[in-house]
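S.K.: Following this message is one structure expressed as structure tokens.
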Ligand code: ATP
Ligand code: MG
Ligand code: MG
Ligand code: MG
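Residue numbers (UniProt numbering): 19 to 514.
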């Protein structure tokens, strides 16, 4: 059909290949091979970082692709908003076009505009465009050139806005290529805006010491979220109602034990709908990571998201084995574009089953510990079941220390011990204090915490400069695939 996600993807690629002389480059895996600055590939440009920095020859003057992206951890981390809105996912596909020192702002804006109004048939009166307003610290002025390009294209003043670095200066991570950008937003029926496409003019690099240096050449790097475009063109209120998510949400219900269907509500009371969204989102992220050879044993991010998914699957949907069914559904919706999802299905299923059993065992152990704790300290019943390995031990230590301490304030040292030794998050410590009618010595805690953080930073710096490689998953991949030198990351894998 003329609005399916497959149509959106192939239209994008054909447009840039056939009408504008780009070369189609395959998506890289979501594992940031040999790049310790990001936990996952978070944008289409990651695999071209070396080209932007002038360290590697460009594979071609102009490229186009659809890249598998994961935004969990690091500078671009959308995990916490997943489920609460209809357009941020942990995994999404980014359609992008690149100029490696070839065309620049004027051509990039014109090509984007023509694609949106032409093949995608969007109405210009529903689009709002932002551009960079300048930043003293970064050392760049307002991007008037960009503003004038949009004026010439015909975007009226009322729909053209200058915004600061937070929105219109794109950066890959704490360091790496960056530059001013221009974002194209769509006006929703309720007047709110959804960003659909970002055009970055890569002209700088954020160095490890935080300074921003100009690059020798200027490049174009763009990214459009296919899920958002699908929602728009399919005329549905959120990404979860598109052909990319509906089959997964349907499979959740089908394999759940008598749970009502998804209704698409976003208000505070929509806990079931939000569980549907989170599980559907996480199923895609987990499937893609497993298909790309990320192991939960070596990626804490992946392991945590798998555990969250097992919890939702068993607590809300009453089927701990749901994730295995969802992998199949993800492979059905994305397997023709990313065949590794089909090829790695058997391995992925084994890993999911293994992790699910480990999770079930851990849960059973926690429930037992929890019941023992509640026998001794009945007040913890009020907190509900805290799913955390060291909770019982930490709580016991807290009670014993406070009974000796005889004060209504929890001392900073004890708070820090709960935080650092037992892994209690601040909100959990708050709940424990409230439960026991105690205050917290926050100042004392923060002081210890900031001392700890600066120590940690120094160690981290030392490790990164010694090893270069930080992420176990990347190392594991290298061992498995036999990549011998860091230069190998620059061998591109062209689509036929
Ligand atoms: P937003 O402001 O909505 O968080 P962004 O500015 O962080 O988006 P970019 O880094 O510019 O996003 O990424 C390029 C495009 O990728 C965006 O215009 C959007 O269409 C899409 N996108 C970004 N983050 C997500 C996400 N978490 N889930 C789905 N699509 C996303
Ligand atoms: Mg964002
Ligand atoms: Mg944005
Ligand atoms: Mg953006």
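Idealized CB from N, CA, C, for every residue including glycine.
Apart from the five residues just before and just after residue 380, which ones in its own chain have a Cβ nearer than 8 Å to its Cβ?
M.R.: Once the five neighbours on either side are set aside, the close Cβ partners of residue 380 are 407.
S.K.: Given 6 Å as the limit, tell me if residue 261 has its C-beta closer than that to any heavy atom belonging to ligand 1.
M.R.: No, ligand 1 has no heavy atom inside 6 Å of this Cβ.
S.K.: Would you check whether ligand 1 has a heavy atom nearer than 6 Å to the C-beta of residue 459?
M.R.: Not so, every heavy atom of ligand 1 lies at least 6 Å from the Cβ.
S.K.: Three Cβ pairs or more, each shorter than 8 Å: is that satisfied between the stretch 294-308 and the stretch 77-85?
M.R.: Contact fails: fewer than three Cβ-Cβ distances are below 8 Å.
S.K.: Opposite residue 42 in the DSSP bridges: which residues?
M.R.: Paired residues: 82.
S.K.: If you reduce the DSSP assignment to three classes, tell me which class residue 52 lands in.
M.R.: Residue state, collapsed to three classes: coil.
S.K.: Please report the distance separating the alpha-carbon of residue 378 from that of residue 476.
M.R.: So the alpha carbons of these two residues sit roughly 38 Å apart.
S.K.: Do the stretch 259-269 and the stretch 216-223 make contact, defined as three or more Cβ pairs closer than 8 Å?
M.R.: Segments in contact, no.
S.K.: For residue 460, which three-state DSSP category applies?
M.R.: If DSSP states are grouped into helix, strand and coil, residue 460 belongs with the helices.
S.K.: Using 8 Å as the Cβ pair cut-off and three pairs as the minimum, do the stretch 361-369 and the stretch 382-393 touch?
M.R.: Too few Cβ pairs lie closer than 8 Å, so no.
S.K.: Pair every Cβ in the stretch 457-476 with every Cβ in the stretch 421-435, then say whether three or more of these pairs are closer than 8 Å.
M.R.: Taking 8 Å as the limit for Cβ pairs, the verdict is that the stretch 421-435 does touch the stretch 457-476.
S.K.: Output the distance between the C-alpha atoms of residue 268 and residue 352, rounded to the nearest integer angstrom.
M.R.: Approximately 16 Å between the Cα atoms of the pair.
S.K.: Is any heavy atom of ligand 3 found at a distance shorter than 6 Å from the C-beta of residue 347?
M.R.: Outside the cutoff, so no.
S.K.: Mind listing, in chain order, the continuous alpha helix (DSSP H) runs of no fewer than 4 residues lying wholly within the stretch 146-172?
M.R.: Listed in chain order, the complete alpha helix (DSSP H) runs (minimum 4 residues) inside the stretch 146-172 are 162-171.
S.K.: Helix, strand or coil, according to DSSP, for residue 33 in the structure here?
M.R.: Helix, per DSSP.
S.K.: Pick helix, strand or coil for residue 288, following the three-state DSSP scheme.
M.R.: The answer is coil: DSSP assigns residue 288 none of H, G, I, E or B.
S.K.: At which residue ranges does the stretch 214-283 contain complete beta strand (DSSP E) runs of 3 or more residues, listed in the order of the chain?
M.R.: Those beta strand (DSSP E) runs which fall completely within the stretch 214-283 and span 3+ residues are 230-243.
S.K.: Looking at residue 216 and ligand 4, is the gap between the Cβ and the nearest heavy atom below 6 Å?
M.R.: The answer is yes for residue 216.
S.K.: So, is residue 15 buried or exposed, given that buried needs 16 or more other C-beta atoms within 10 angstroms?
M.R.: Since the first residue shown for the chain is 19 and the last is 514, residue 15 is missing from the structure and cannot be characterised.
S.K.: Looking at the structure shown, is residue 185 part of a helix, part of a strand, or coil, going by DSSP?
M.R.: The answer is helix: DSSP assigns residue 185 an H, G or I state.
S.K.: Roughly how many angstroms lie between the CA atoms of residue 228 and residue 193, to the nearest whole one?
M.R.: Their backbone Cα atoms lie some 7 Å apart in a straight line.
S.K.: By Cβ distance below 6 Å, which residues in the same chain neighbour residue 241 in space, the five residues on each side in sequence not counted?
M.R.: The residues are 61, 62, 112, 114, 216.
S.K.: Is residue 299 close to ligand 3? I mean its beta-carbon at under 6 Å from any heavy atom of the ligand.
M.R.: No; taking the cut-off as 6 Å, the Cβ of residue 299 has no heavy atom of ligand 3 nearer than that.
S.K.: Comparing C-alpha positions only, which one of 415, 243, 23, 343 sits nearest to residue 439?
M.R.: The option with the nearest alpha carbon to residue 439 is 415.
S.K.: Taking a contact to mean a Cβ-Cβ separation below 7 Å, would you say residue 48 touches residue 306 in this structure?
M.R.: In contact: residue 48 and residue 306 (Cβ atoms closer than 7 Å).
S.K.: In this structure, how does DSSP classify residue 180 when only helix, strand and coil are distinguished?
M.R.: The answer is strand: DSSP assigns residue 180 an E or B state.
S.K.: For residue 133, I'd like the list of residues in its chain whose CB is within less than 6 Å of its CB, leaving aside the five on either flank, ordered along the chain.
M.R.: Around residue 133: 33.
S.K.: Using a Cβ-Cβ cutoff of less than 7 Å, which residues in the same chain neighbour residue 343 once the five nearest sequence positions on both sides are dropped?
M.R.: Here the set comprises 269, 273.
S.K.: DSSP on residue 115, reduced to helix/strand/coil?
M.R.: Correct three-state label for residue 115: strand.
S.K.: Since residue 110 sits in a beta bridge, which residues does DSSP pair it with?
M.R.: Partner(s): 87.
S.K.: What are the start and end residues of the beta strand (DSSP E) that includes residue 205?
M.R.: 194-205 is the span of the beta strand (DSSP E), which, as asked, contains residue 205.
S.K.: For residue 320, which residues from the same chain have a beta carbon less than 6 Å from its beta carbon, with the 5 sequence-adjacent residues on both sides left out?
M.R.: Correct list, in chain order: 307, 312, 314.
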